[in-house]
Amino acid sequence: MGFRDSMRRAFGNMSITVKFGLGIGLLLSLIVMVAATGWISMEFVRKAQESIEKSTEIQRLVLDMDRRMEKARRLHGDFHLQHPRIGLAKAHELYAQPSVRETAQVIKISNALRNLISQTMVGEELQRSHTDLNLYLSSAKRFADTSIQSVELATELAAPEWGLEPRMDNLLHALGKETAGIQKFDRLYEQIRSLTQDYRITRERHVMQSAFNAAFSLRDAALNDPNGDEGRKARIKELLDEYTNVAGRILDAETSIKAKFNDFALQSAAASAVSATLVKLADEEVGNARAKIERAHAMALLIMAAITLAGLLAATGIAVFLNKSITRRVVLLTQSAMEFQKGSLDAPTVREGMDELSRLNDAFAAMAARITQLIVNLEQEVGQRTSELGESERRFRLLFEHSSNGVVILDTVGDGKDFLLKDINRAGETIDGVKREQLRGRRVTECLPSMVEKGMLEAIESVWREGESIRHPITSYSNGALLSWRENHIYKLPTGEIVVVFDDLTAQKQAEIERLNMETKLQRAQKMETVGLLAGGVAHDLNNILSGIVGYPELLLLQIPEDSKLRAPIRAIRESGMRAAAVVADLLTVARGVARAKTTADLNDLVLECMDSPENMKFRMLHAGTECTTELHHEALPIHCSPVHIKKCIMNLVVNATEAVDDGFGRIVVATRQEALDERKAAKLGIQPGEYAVLSVKDNGKGISEEDMEHIFEPFYTKKIMGRSGTGLGLAVVWNSVMEHGGTVEVENSIDGTCFHLFFPISDAAEEVAREDENGGLAGLKGHGERILIVDDEAPQLDIASRMLKILGYDVDCAPSGELAIDYLRANKVDMVLLDMLMYPGINGRQTYERILEIHPGQKAIIVSGFSDSEDVQQAQRLGARGLIKKPYTIEQLGKTLKRALRD
Amino acid sequence: MSRPENIILGFIALASLALAISACETEQQLPACSDGIGCVDVAPKEPVRIGILQAVSGKVAPLGWDQIRGIELAVDGRGGKILGHSIALQMEDTGCTAEGGANAALKIIANPQTVAILGTTCSAAAATASKAMSDAGLTMVSGNNSAPFLTSIHGERAPNWQPGYFRTTSNEEYSGKAAALYAFSGLGLRKAATVNDGDIYTKGLTGGFEQEFQRLGGEIVLSTSVAKGEREMGPVLQAVLNTGAQILFFPLFQPEGNYIVFQAASTPGFENIALMSDGALIESSFIESVNEKGKGLYFVGPTRPSGPLVDALVKEYISRYNTPPPTSYFLNAYDAACLLLDAIQKVAVRSQDGSLRIGRQALRSILYATVGFKGVSGDLTCNEFGDCASPAFNVLHLDDPNSGIEGLQSNIVYTYAPGNGTPSNDTP
């Protein structure tokens, strides 16, 4: 395998990103190279231009510096030349000072030059020239020093009056005076003067030396003159010494000045060489910089041309490479995709290597195969779904049409302000009593204006706007009774259409109300049963106990004298027992219903009996401020009832009404009437339609609160003051008693008072209205020795009953259990069995009676029960038991019951 | 990851590595200069620059060239290198004048890389050059200067003393003294005239002479000057004659000294006047110039070194320059160069890259501390004034000009060496 194949394979396996990356990277590299070349060449040019500028500046400064230096030297030279002619002060002003200023400028420029060269990018040669600049600077400084020194020397020489030259002139003048007149002296003096003048012209030291020699001769001549004045000699000597001294100083000064000028020449030579070098270097620098620029230009052009050529080749190569490896294949893939779009599912064939396009090619092929398969599946699926959709459409159409609910489909017009009725199902037609054909395509406001009135249109608009489903029932009532109930559910379809599902739930809602009433009653009944169970258990034992409390005092009262002081307390014991028994009886009435045997009685009579009863009279006396009147039906109102319980009801209602009104203004009306109840009224009251005797007790009190109304018939619910009023069983007894008689209680309550209506079915039986036996005392109750068997598991009860019956003249036998009674009757016959219903342990009264009847069919029996009318009692009565007497009983009650049972 | 991506990553890694390596390649730099007056940093491959200030023009040029040759011999003796660096010599002409010395010194000093200066030939040039040099923090060692003004006079700091100035020649404070001693005691003369050329060297010598001569009881009848470059010596010689001087002490350079000798020879009255010059004229060109007219001249100058080292060096001198040395002062120049180069070698701090750092004050200090340096001219011990050679002067008498400089230097009539106690040979 060759390198080329390896490379081809490697490129084939590269990802497109890497291929593009390599191509673009290569191009970018070339671009970067071009940019770098341009930048570098520009940098070269910039530096070269900077170098040219700096070099030019350096050149300018050097020339300026040199020019100033030259000017300083010239000015300095002029000073020495001109000061003898124009005077020292003027020469100072015109030449010396400007020279110093120029020198200072030179120093400044040379410093600037040195900094410029050291801080800028110039050529190495120029950089090294800082040494020359140092020299130039030093030379300039030295020029400044030496020129000042030379000026000082010149000043020392030529300063008026105190300068060496004027002093020498003065000395010569003085010497001339001293030597005047003496030929020899005068000749020597003239020699001195002449030589001095010669020196001033030639500045040759040996000339001055000659003058010194002449001065030496003059001094010698003067000092050795035998005719000379000593004073004159001394003056001449002094003047000559001073002259020699001054002349020597002039020589030294001029030597120094010469040295200075020599110094200037050396400085000039050095500085000129430096400046020439600097100018030359700057020139070379400029030349070099220009050459550099040209080279940079040429090199940049060459490199850029090369890179451009390389770039073109690279770009071509990259283009060919990318076209072959990417673009061409992308085009093929695109064509395949377009064919694919047209329906041709042939897979593309652009697979080369393992790059993304190859993978895309593979994916494309897989996708084509997959899509082909999917199309087949889809066609099947579409067929199936079309069929299912048709089925679904039919199903939903059937649902729509056969739905028990009315369904209306609406579409908006006028931005939700109105709706077009698109469809309505059959149920809707039925409920609303309309025809689909009449409504379709019409506006709701036109065809169903009632919807606008009932707020339906607003609800529909709300749903259309908000998209939230709502329930919108429309109801109507009359006197608290539900007349109609239309249930509407409104929701919005995704299509924007509004669906209203509605139904007439009037009957259903009415049934629900009825059911709720029944449930309430049931709950109450269950509650009462619960209380009854409680009370029943207690009542049996209490009545057994109360039998002793009621029975024994009564037996005692029969035996003790009429004037005995014991009669009153014994009677009180009996009355207390009787009241306790009455409470137990109420409890049992509430719990187990009316256990007494019912007879037909006139309701009016019962009202009157109750109103005239001692108990009521006594009560009325306690509430004298309350007026209690009766408004009785004009005809008798026979009802099949337990008169005791009816009277109890009347009394309880009157007592309640009396306590409900203010004593000073109370008014109570006890009325009776006959009312025929139709079905609706009967249904509302929960009783059967028909004729009813209605007992109404109305007061003008403040009425009963809503809260209390719910509970007034519940046992032990009382708003009365504890200890002063009743036990809370009054209205419960009323309710249970009325219910036991197949009637009902209706309460009208308002703030102006309360009225209780007690509905009792009118009795159809032409029974004679029962009348209480009016036999006077025990005499009428006496028996005739009939044999009575008393069966009771309570020993005291056996004893009391036995004693009472014996007092009443009966032959009595006792059996403490059912089993013993059966045994006894197996061997004996009795006229009557006084049979306790509940006995424990052993068999109860009903079971005992059943077995007795097996022994003595038709055996008469009176059931004695401690509490309510139980199933066993009723069963025993159905078996033939002739009477029922509740514990505790009085001798009178026992006598009457026994007498009636024996008679039957 | 695909192969091209690996290649790109490889390039990046290599570039990073190269960058890291280049970052690690930091130059071994010398520590900061702590020398009191600065340092000279000599980069690798850069030469150690030494300035040469000598008089290489005019009549004194032979003296100057002799100095340069002595220096060259010393440099060559080290193979032209010091501490691996070549020695670059920058030569400047002083013209044997003060202004020439000053300007030449400026040329040397202008280059801050110059470590030190060897020179000058003339003391006048040294006076100005040493000041410029010293101000610039350089060190200068002369193999020819002898003027007392440059170092010390009577054990005190001389007016022109400058820190960093050294010389391997004797302080000629004792040169004038030796001449006066010989003139007064050796020749028995009591009236003396002196002529200088105004520079500090000649004035120093005439001053020393006058002081000692007068101290001995003699009379200085004339103390005058001639101008440098002056040719006409008649007036000054006449003045000498006028004053009745018995001896004319003229420590001048060429050509002024030559003119004195020439014109004195033709001036009546000078046949009885002794002429004494100094070491500046103990030079073959002078002798050749004055020839017979110089016969009888006295010279006072430093004692001439001798010994195998001197002989070997002279031999090398002749071998190299194909001429015998005109004076023996090249030996002092040789010593000056050796003293300086040794000192540089001792104080230079060399870094790993070969660069040198030479502390300028350190160089001065080590030279001041020089004790018993074995020079060809003798042991050198530098005092605090920069004098490193022991004073020892000979008075020479030119009996036979044809015997040349060797004959002159061999004809020692008096030796004065105060450091060694009594004069070595003749007692004046």
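Chains A and B are the protein sequences, given in the same order.
Numbering-wise (the working numbering), the first sequence opens with residue 1023 and increments by one.
Numbering-wise (the working numbering), the second sequence opens with residue 13 and increments by one.
We put the beta carbon where it would ideally sit given N, CA and C, even for glycine.
Predicted model, so just to flag it, every value in this text is computed and none were measured.
Item, Value
"In terms of alpha-carbon separation, which member of D1786(A), E1401(A), Q1406(A), D1368(A) lies closest to A967(A)?", "Residue 967(A) cannot be examined here, being either before or after the span of chain A that is shown, 1023 to 1926."
"May I have the straight-line CA-CA distance separating S34(B) from G371(B), to the nearest angstrom?", "Note that S34(B) scores a pLDDT of 46, beneath 50, so its modelled location is shaky; the value from the coordinates is reported in the next line. If you take the alpha carbons of S34(B) and G371(B), they lie about 32 Å apart."
"Let's test the definition: count the other Cβ atoms within 10 Å of the Cβ of E1789(A) and tell me whether it reaches 16, buried, or not, exposed.", "No answer about E1789(A) holds up, because its pLDDT of 49 lies below 50 and its placement is not dependable."
"Check each residue of the stretch 1070-1101 of chain A: if its Cβ is closer than 7 Å to any Cβ of chain B, include it; give the result in chain order.", "none"
"Do you know whose CA, among S389(B), S301(B), L375(B), lies nearest G82(B)'s CA?", "S389(B)"
"Does DSSP classify G1807(A) as helix, strand or coil?", "coil"
"Please tell me whether T132(B) has its Cβ less than 8 Å away from any Cβ of chain A.", "no"
"Which value, in whole angstroms, describes the spacing of the CA atoms of A1287(A) and S1294(A)?", "10 Å"
"Under a three-way DSSP split, which group does C108(B) fall into?", "coil"
"Look at the alpha carbon of G1203(A) and the alpha carbon of R202(B), and state the distance between them as a whole number of angstroms.", "38 Å"
"Kindly indicate the opening and closing residues of the beta strand (DSSP E) around I1884(A).", "1883-1887"
"Verify the CB distance criterion: does Q250(B) have a CB-CB separation below 8 Å to chain A?", "yes"
"What would DSSP say about N172(B), mapped onto helix, strand or coil?", "coil"
"Between the stretch 1511-1522 of chain A and the stretch 1536-1555 of chain A, can you find at least three pairs of beta-carbon atoms closer than 8 Å?", "no"
"What residues from the stretch 69-96 of chain B come within 8 Å of chain A, judged by C-beta to C-beta, listed N to C?", "none"
"How about T1776(A) and I1844(A): do their beta carbons lie closer than 8 Å?", "no"
"Hey, does T1371(A) have any beta-carbon neighbour from chain B nearer than 8 Å?", "no"
"Three or more beta-carbon pairs under 8 Å between the stretch 1424-1431 of chain A and the stretch 1439-1456 of chain A, yes or no?", "yes"
"Throw me the rounded Cβ distance for the R179(B) and N157(B) pair, which I believe falls under 8 Å.", "5 Å"
"Determine the direct distance from the alpha carbon of A1449(A) to that of P1495(A), and round the result to whole angstroms.", "17 Å"
"What are the residues that DSSP puts in a beta bridge with Y314(B)?", "Per the sequence presented here, residue 314(B) reads as Pro, with Tyr not at that position. Paired residue(s): F405(B)."
"Does the beta-carbon of A1754(A) have 16 or more other beta-carbons within 10 angstroms, so that it is buried, or is it exposed?", "buried"
"Under a three-way DSSP split, which group does G3(B) fall into?", "Because residue 3(B) is not part of the residues shown, which for chain B are 13 to 440, the question remains open."
"Taking only the alpha-carbon atoms, compute the straight-line gap between A360(B) and T151(B) and give it to the nearest angstrom.", "14 Å"
"Quick check on L1331(A) - is its C-beta less than 8 Å from some C-beta in chain B?", "no"
"Output, in sequence order along the chain, the residues in the stretch 104-115 of chain B whose CB is closer than 8 Å to any CB in chain A.", "G107, T109, A110, E111, G112, A114, N115"
"So, helix, strand or coil for S1664(A), using DSSP?", "coil"
"Report the neighbours of A1281(A) on chain C: residues whose CB is nearer than 8 Å to its CB, in chain order.", "Within the model displayed, chain C is absent; protein chains A and B are what it includes."
"Check the DSSP bridge columns for E1653(A) and list the partner residues they point to.", "A1693(A)"
"Quick test of your reading: A136(B) and A100(B), contact by CB under 8 Å. State the CB separation rounded to the nearest angstrom.", "No, A136(B) and A100(B) are not in contact; Cβ-Cβ is about 27 Å, not under 8 Å."
"Does N1771(A) come out as helix, strand or coil in the three-state DSSP assignment?", "strand"
"Look at L1717(A) and L1800(A) and say whether their C-beta atoms are less than 8 Å apart.", "no"
"Where does W1184(A) sit, in a helix, a strand or coil, going by DSSP?", "coil"
"Hey, how far is the Cα of V322(B) from the Cα of G281(B)?", "42 Å"
"Starting from E1713(A) and walking both ways along the alpha helix (DSSP H), at which residues does that stretch end?", "Taken as a continuous stretch (DSSP letters only), E1713(A) belongs to no alpha helix (DSSP H), being part of the beta strand (DSSP E) at 1712-1721."
"If the cut is a Cβ gap below 7 Å, which residues of chain B does T1153(A) touch?", "A122, N123"
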